[in-house]
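Heads up: the structure comes next, in structure tokens.
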Amino acid sequence: MKKKFGKLFLIFSIIGPGLITANAGNDAGGVTTYSVVGASYGYSMLWGLITISIGLAVIQEMNARMAVVTGKGLSDLIRERYGVRWAFFAMFVLIVANLGVCIGDFAGIAASLQLFNISKYISVPILTVMIWFIMTKGNYSKAEKIFLLLTLTFLGYVVTAFMVKPNWGHVISSITSPNANLTKNYWLDLIGMVGTTITPYMMFYLQSAIVDKGISIKEYTYEKMDVYLGTIWGALTALFIIVCTSETLFKAHKAISDAADAATALKPLAGSYSFMLFGIGLFGASFLACCIIPLSTSYAVCEAFGFESGLNNKIKEAPVFFGLFLFMIIVSAVIVLIPNSSLVSLMLVTQQLAGVLCPVVLIFMINLVNDKEIMGEHTNNKVQNFIAKFTVVLIIILTILAFGGKFI
């Protein structure tokens, strides 16, 4: 009995990075993207969600494997293998994508609490201070517990999806028979969905978090479980958001531009409880991402250029790490607080940008995880390589279709 409890305790002590990373991808931009997808196209884009989620599972497993085998973050490995110039390029791509997404998530915090009549001039400053306090007044273990609690807010979408009483048989059949209207906007929104499901910051954060937590190769089986559990939970959350808006807004032909619009539009169609749950989910998603995105940026940049990093350090021990984190949250908060600023389009554009930039990071990853000097016997198998490379090709093809001159 003691052995069983010991094993269970070990599993729960390891679970965290994969679950947090996958759910951080369902941030304000993600909730907005999935809401717009459901309201605009019904269930016709579910095939893309399932395909992308399979790619996400394989990619995150690759990240986790590299972390436990090498004990190093992704940016650290890029610098060691390809040199400072390529590391600088990778960090530039990451910072461009992350800052835009972080601004969108602070906008998500503001929008979610404005639904409950709390001004952004009150909510954003208070929560910015709270985020800084969480990151500087503890260690990785304490911060992780808060992140895991925030993932529970995503249950709001699960409950709301069941409240709108969908035909689940129709939902499942739509995955294999999408009946899609393949227009320019369809491809752009599909790229946005890729960008919010598989993002550069998730790859850097997961690997660094596993290293920071000190998970070894002996515990890898349980970390792999964490990664797959996180992917399934993240994909189901996205599915439930699409169900919420498909069953209500799509059927009522109500156009929306962001997640706050979706919550407001649900009130007369599905009741006050649906409105509240959707709003709470948006807040939890935004707050979690506002912690994770700056954190992933700090991890990556410090690892790439040899600065001390990690939440287990004090500010004076890792000034660049905490300074970059502070810079990200302050800039994001200040931009959101600009009077009459409308950041809806920015939220969607940054998801599309992340989707377009994703292959850059993925190509680095695929080369690294197949390098026997780095990974030894733990390189990818043929199936893993096929799925990872297929994901890169899929993103590139979608980008060409979205931004090319002619569309199907």
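Going by the numbering used here, the sequence shown opens with residue 620, and the numbers climb by one from there.
Positions of the beta carbon are idealized from the N, C-alpha and C atoms, including for glycine.
Own chain residues within Cβ distance below 7 angstroms of residue i, not counting five before or after
i: R704; result: none
i: I750; result: C909, C910 and I948
i: I1014; result: V813, G974, C977 and P978
i: P913; result: C721, F944, M947 and I948
Option nearest residue i by Cα separation, candidates the options
i: A908; options: L638, P636 and N642; result: N642
i: S663; options: K933, P797, Y918 and V862; result: P797
i: I791; options: N1000, F859 and L675; result: F859
i: V743; options: K832, T1018 and G723; result: G723
i: F735; options: T883, F926, I834 and Y805; result: T883
i: F752; options: S738, F941, F1009 and K739; result: F941
i: A686; options: K764, V830, L668 and Y805; result: V830
Sequence-distant residues of the same chain with beta carbon closer than 6 angstroms to residue i, five excluded per side
i: A881; result: S654, T864 and I875
i: V1011; result: P978 and L981
i: L746; result: I728
Test item: CB-CB of residue i and residue j under 7 angstroms
i: C921; j: V950; result: no
i: S917; j: L885; result: no
i: T856; j: F781; result: no
i: V955; j: A729; result: yes
i: F725; j: A952; result: yes
i: L769; j: G903; result: yes
i: K665; j: S793; result: At residue 665 the sequence reads Leu, which differs from the Lys that was named. Going by C-beta atoms, L665 is nearer than 7 angstroms to S793.
i: L901; j: S659; result: no
i: I680; j: V846; result: Before going further, note that residue 680 is Glu rather than Ile in the sequence given. Yes; because the gap between Cβ atoms is below 7 angstroms, this pair is in contact.
i: M994; j: V677; result: no
i: G833; j: L638; result: no
i: T779; j: S893; result: yes
i: K1008; j: T998; result: no
Element boundaries [alpha helix (DSSP H), containing residue i]
i: L807; result: K803 to T816
i: H789; result: W787 to T795
i: G723; result: V703 to Q733
i: K756; result: No alpha helix (DSSP H) contains K756, which DSSP labels as neither H nor E.
i: A780; result: L774 to M782
i: M844; result: Y839 to T864
i: K832; result: P819 to K832
i: M994; result: K991 to M994
Heavy atom of the ligand PLP within 6 angstroms of residue i beta-carbon
i: A919; result: Only the bare structure without any ligand can be found here, which leaves the ligand PLP out of the picture.
Residues near residue i by beta carbon distance below 8 angstroms, same chain, minus five either side
i: I697; result: W705, A706, A709, A923, F983 and L987
i: G853; result: A641, N642, G644, N645, S672, L675 and T816
Contact the stretch 675-692 vs the stretch 821-831: 3+ CB pairs below 8 angstroms: As far as the Cβ criterion goes, the stretch 675-692 touches the stretch 821-831, which means the pair count is three or higher.
Cβ contact (3+ pairs, closer than 8 angstroms) linking the stretch 752-765 and the stretch 930-937: Touching, yes, given that three or more Cβ pairs across the two stretches are closer than 8 angstroms.
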